[in-house]
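Report on the following structure.
Following this line, the structure appears as structure tokens:
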């Protein structure tokens, strides 16, 4: 595994008209060698994509999201994926509710309607809907040297909506650029125009960053832990947790009587011990009443 290249494409990818050419120069390699390596990593599923990582809060049809926990037979759980791009994640986890997925829609009411219909189709009698109240962080990167997730991005409170900016779904092509010297030309965009647009969208929160995205299961990160926290001061605690780079997702949710945890964060690691050690560190913070880690057993939406 070429740690130097995989770290560089996550953390050091230049936003330019020739990003991979400039990356090669930055790390002292030939362009041809990194193109060959990245093509191999893409074919093997190590590199999922690279480009502008879009904030889906900017999409009108996806502006509200919720975490949903189902008690359902594993054989039925993949049917959830038939909801298409409304479902971002779908995991089998070690918890009372065994299947957890994120669902996006225009409103909480629409989410409730979709979940109710899905639960009926799958004969699910018990479930929880945990709408997002505020996203504090959404930045998934893996430190291959530390063996644990490590990221810096902090979510803006407000994100501009695409329709306000006169943009539509076509900007999705900026997320998955071709592995080429001049990728923007290959997707039919003017190079300077594309770089200027991404820079503007970064300022407005529509683009989170410009980087490569790796698939954790292919780089040895075998464990991902959904940490859930019981607290009387979720906002204060969440702001404190922003100091920890190990966290990739940090979200305050509207809790349920069945699942009364308002603060959620994700940590990914090569070894389970790293996640447990970090949980023990967080447990010592003043506003934490209770914390537990819900581990993933299978990714139902690879």
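In the working numbering, the protein residues as written are 41 to 342. Backbone N, C-alpha and C fix where the C-beta goes; we use that ideal spot for every residue, glycine too.
Taking C-beta to C-beta, are residue i and residue j nearer than 8 Å?
i	j	result
residue 293	residue 58	no
residue 143	residue 108	yes
residue 214	residue 92	yes
residue 55	residue 250	yes
residue 314	residue 188	yes
With a threshold of 6 Å on Cβ separation, who are the neighbours of residue i within its own chain once the five nearest residues in sequence on each side are excluded?
i	result
residue 253	88 and 89
residue 180	288
residue 36	Outside the modelled stretch of the chain, which goes from 41 to 342, sits residue 36, for which no answer is possible.
residue 335	134 and 265
Using alpha carbons as the reference points, say which of the options lies closest to residue i.
i	options	result
residue 319	240, 309, 327 and 332	332
residue 194	175, 182, 163 and 276	175
residue 41	55, 54 and 85	85
residue 103	93, 134, 129 and 148	148
residue 154	191, 201 and 105	105
residue 192	178, 198, 201 and 163	178
residue 82	242, 219 and 261	219
residue 342	50, 80 and 120	120
residue 272	282, 314, 327 and 185	327
residue 291	52, 285, 261 and 268	268
residue 205	113, 184 and 100	100
Below 7 Å CB to CB, which residues in the same chain sit around residue i once its five sequence neighbours on both sides are set aside?
i	result
residue 256	182, 264 and 308
residue 126	143, 144 and 145
Between which two residues does the alpha helix (DSSP H) carrying residue i extend?
i	result
residue 211	Per DSSP, residue 211 belongs to no alpha helix (DSSP H) and is neither H nor E.
residue 200	No alpha helix (DSSP H) holds residue 200; DSSP gives it neither H nor E.
residue 44	43 to 51
From what residue to what residue does the beta strand (DSSP E) around residue i run?
i	result
residue 338	330 to 339
Within its chain, find whatever has a CB closer than 8 Å to the CB of residue i; leave out the 5 residues flanking it on each side and keep chain order.
i	result
residue 168	108, 109, 137, 296, 298 and 299
residue 61	71 and 221
Is any non-hydrogen atom of the ligand NAD found closer than 7 Å to the C-beta of residue i, if you look at the structure I gave you?
i	result
residue 68	Because no ligand of any kind appears in the structure shown, any question about the ligand NAD cannot be addressed here.
* Tell me the start and end of each unbroken beta strand (DSSP E) in the region 108 to 167 that is at least 3 residues and wholly inside, in chain order. => 127 to 133 and 139 to 145
* Could you give the uninterrupted runs of the alpha helix (DSSP H) lying entirely in the region 55 to 106, keeping only those of 4 residues or more? -> 59 to 66 and 71 to 84
* Just list the alpha helix (DSSP H) runs in the region 289 to 327, keeping only unbroken ones of 4 residues or longer that don't cross its boundaries, in chain order. => Listed in chain order, they are 312 to 323.
* To do: Could you tell me which uninterrupted alpha helix (DSSP H) segments, each at least 4 residues in length, are contained entirely in the region 210 to 273, listed from first to last along the chain?
  => 223 to 226 and 231 to 243
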